[in-house]
Amino acid sequence: ERPLPAGARVVMQRPGEVVYVPAGWWHVVLNVHTSTALSVSLALRRDIDTLLPKLLKEDEPFAMQWLRSLGRDLPPSLKDAPTLKHTPESLS
């Protein structure tokens, strides 16, 4: 059995409990019993500058869909972003 990395945490979630995993925390889930899970990823507008380049690299179609959902309300830092192959006007 391999030891956990330094700083690793083990959380045992019981029925009715909610576990919040902060942004940027790597995590693994192991279901030890039959269970139902609901997972939500939250991306705040303030995090777009950090998330978008990674998302474009990993899944460009999804990234473009995400940008279209923002419409013309892109943060100022992205309006002229060199990583963006499309202009904000072409996203609508």
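Positions in the sequence shown are counted from 1; adding 3 to them yields my numbering. Yeah, the Cβ is synthetic: ideal placement off N, Cα and C, and Gly gets one too.
For residue 25 and residue 13, the gap between their C-alpha atoms comes out near 15 angstroms. In the three-state scheme derived from DSSP, where H, G and I count as helix and E and B as strand, residue 53 is classed as helix. Linking residue 20 to residue 51 through their CA atoms gives a straight-line distance of about 30 angstroms.
The criterion of a C-beta distance shorter than 7 angstroms is not satisfied by residue 46 and residue 59. Here the alpha carbons of residue 64 and residue 70 stand approximately 10 angstroms from one another. Closest in C-alpha terms to residue 7, from the list 57, 17, 62, 29, comes 29.
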